[in-house]
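In this note's numbering, the protein residues as written are 29 to 353. Note that beta-carbon positions come from the ideal geometry of N, C-alpha and C, so glycine has one too. Note that the structure is a prediction, hence the values are computed from the model and not measured.
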């Protein structure tokens, strides 16, 4: 019962957060310098034609009225039409969103595994060569610009060894009958390796270092000494007892990092020519395409909020005291 109340409370907080995000996005794009009208309405048109186009996009109404209409439309699943493409914004951004989401979820899963198990190992081997070398390598990868790491991987695995594709998401001319066929084909997985590996190595440093630090605190606890005194094997102590208690701060950090990974995918997508949402956001903002930019940022915010909700649920599972409090 308490668990359900805890989850419902977190869901309501997520909904409130998304409402605030939508409100900020709506007014933010309209107070920045620049007018989308001048970019999409030909100055050679007569005044009546210009007013007709303004009316078509709802830009002729007062700002507050535009906001109310926008909120009502969003509740119906209508995010408006893109100024650039003349199509529903959700249609334009939808396919790119799934491309970005698949790439980021894959890289985040890899980085979480590296972070959790790598951090636990470094803490368990504290003071040894494994700890020293591992920490240096992690910091070196984290400090290197992600686009530089991506270009290095392309140079080695694509140009020199010719083991992997140079970029893109599929081989040109490849047709797929369904999304499942598209995202689980051998061709797609081959294109996914380099961008996912680049993003995961860059993202793995933070959870790994947090896990290492958390593990160093946990291994000093009395219950670890008690378990060891009972004759339990070291591997079992590491994976069953120490790691579970050290995971709590890692989950919190990882939830926040997931939002940054989805929102900051533009560099990865540019280097590997990945047809995702990052590049589309840059174009939409520079072109002042309000509906398209708002839809893209809303989807990013929704995914970030969902990751935080999942983190809260996992946190409560790992530490039931959270629910009681």
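Around residue 310, the same chain offers 294 as residues with beta carbons nearer than 8 angstroms, after the five sequence neighbours per side are excluded.
Within the model, the alpha-carbon separation for residue 164 versus residue 154 is close to 13 angstroms. Partner residues in the beta bridge of residue 109, as assigned by DSSP, are 116. Less than 9 angstroms separates the beta-carbon of residue 321 from that of residue 57. Counting every other CB atom within 10 Å of its CB across the protein chains shown gives residue 125 a total of 16 or more, marking it as buried. Exclusion of the five residues before and after residue 197 leaves 127, 216, 219, 302, 303 as the residues of its chain whose Cβ lies within less than 7 angstroms of its Cβ. Shown here for residue 159: same chain residues with a beta carbon closer than 6 angstroms to its own, the five before and five after excluded, namely 150, 153 in chain order. Residue burial is scored here from C-beta neighbours: residue 193 has at least 16 other C-beta atoms within 10 angstroms and is therefore classed as buried. Shortest Cα-Cα distance from residue 49 to any of 333, 340, 221 involves 333. Residue 203 sits in coil when the DSSP states are folded into three classes, being neither helix nor strand.
A Cβ-Cβ contact shorter than 9 angstroms links residue 286 with residue 335. At least 9 angstroms separates the beta-carbon of residue 330 from that of residue 108. In this structure residue 214 is exposed. Its beta-carbon is surrounded by fewer than 16 other beta-carbon atoms within 10 angstroms. Counting along the chain, residue 173 sits inside no alpha helix (DSSP H), nor does DSSP assign it H or E at all. As the crow flies, the alpha-carbon of residue 139 is around 4 angstroms from that of residue 232. Comparing C-alpha distances from residue 135 to each of 269, 268, 228, 179 shows the shortest one belongs to 228. Note that the C-beta distance between residue 266 and residue 166 is not below 9 angstroms. Here DSSP, grouped into helix, strand and coil, assigns residue 226 to helix.
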